[in-house]
Amino acid sequence: MKLTTRIEKPFFRRDVLELAPALLGMQLVVAGPGREPVRYAISETEAYRGVEDLACHVSKGRTGRTEIMYSEGGVLYVYLIYGMHWMLNIVTGMAEQPQAVLIRGVGGISGPGRLTRALGIDKSFNAEDLTASERIWLEDSPGNSRFIATPRIGVDYAGPVWKEKPWRFVAV
DNA sequence: GTAACGATCCTC
DNA sequence: AGGATCGTTACA
Numbered sequence: 102m103k104l105t106t107r108i109e110k111p112f113f114r115r116d117v118l119e120l121a122p123a124l125l126g127m128q129l130v131v132a133g134p135g136r137e138p139v140r141y142a143i144s145e146t147e148a149y150r151g152v153e154d155l156a157c158h159v160s161k162g163r164t165g166r167t168e169i170m171y172s173e174g175g176v177l178y179v180y181l182i183y184g185m186h187w188m189l190n191i192v193t194g195m196a197e198q199p200q201a202v203l204i205r206g207v208g209g210i211s212g213p214g215r216l217t218r219a220l221g222i223d224k225s226f227n228a229e230d231l232t233a234s235e236r237i238w239l240e241d242s243p244g245n246s247r248f249i250a251t252p253r254i255g256v257d258y259a260g261p262v263w264k265e266k267p268w269r270f271v272a273v
């Protein structure tokens, strides 16, 4: 009997508002070439939900960068922000239903830009499939599922309705 | 080709 | 409070 198993496709097909809090406490596993996998417990996430969500990149249109978000859930959306920080997102939901979860904190590392730097995640991880990749995947972890929900960070430009949605989830 | 803009982080 | 720093995007 395995103690840990890779999370498979059906898990990621759910709505982002259900999946973002469900990711808290799960293990993000990163395996470098010739190195043992390292596990990081996810501690903070944010949901970005569809073209109507003015904080979500797809609300600006379907472009080359955001095309990956239209995939079925389970692949990564990685993009550069402020010219220096890679943002790690997990695409969720069904195909043609563009949503993603921004991973804002793992394993005591706070901040989406800091965690990608610490884990060595960059543009080469964009479109990577968490259910098939040899270098990054997700595992379940028994334990605490308590969390709080707050407004998302850094999305004031989205206007009052969308910036105030309590779609940031922090494990407590 | 040009210009504007960030789902951030660090230093002052 | 302000600067770093550059890919993506829209527009000419």
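Each number in our numbering comes from the position in the first sequence (counting from 1) with 101 added on. Heads up, the beta-carbon is just placed ideally off N, CA and C, and yes, glycines get one too.
{"Item": "Please list the terminal residues of the continuous alpha helix (DSSP H) segment that includes R140.", "Value": "Per DSSP, R140 belongs to no alpha helix (DSSP H); it is in the beta strand (DSSP E), V139 to R150."}
{"Item": "Residues in its own chain within less than 7 Å of S246 by CB, not counting five upstream and five downstream?", "Value": "L125 and G126"}
{"Item": "Based on DSSP bridge pairs, tell me the residues matched to Y178.", "Value": "N190"}
{"Item": "Quick check: the Cα distance between V271 and P111, rounded to an integer number of angstroms?", "Value": "24 Å"}
{"Item": "Using the C-alpha atoms, what's the distance from P134 back to G260?", "Value": "43 Å"}
{"Item": "Taking buried to mean at least 16 other C-beta atoms within 10 Å of its own C-beta, is A233 buried or exposed?", "Value": "exposed"}
{"Item": "CB Y141 to CB G208, shorter than 7 Å?", "Value": "yes"}
{"Item": "May I ask you to list the residues that DSSP assigns as paired with V271?", "Value": "E145 and I249"}
{"Item": "Between the beta-carbon of M170 and the beta-carbon of Y180, is there less than 7 Å?", "Value": "no"}
{"Item": "Whose C-beta lies closer than 7 Å to the C-beta of E173 among residues of the same chain, with five residues either side of it excluded?", "Value": "R114, M195 and A196"}
{"Item": "Going by C-alpha to C-alpha distance, which of E109, Q128, V139 and R107 sits closest to G221?", "Value": "V139"}
{"Item": "Would you please state the rounded distance, in angstroms, between the beta carbons of E147 and W263? I believe it to be under 8 Å.", "Value": "Not quite, the Cβ-Cβ distance comes to about 12 Å (not below 8 Å), so this is no contact."}
{"Item": "Between which two residues does the beta strand (DSSP E) holding G206 run?", "Value": "Q200 to V207"}
{"Item": "Is it right to say D223 is buried, meaning 16 or more other beta carbons lie within 10 angstroms of its own, or is it exposed?", "Value": "exposed"}
{"Item": "With H, G and I counted as helix, E and B as strand and the rest as coil, what does DSSP make of E119?", "Value": "helix"}
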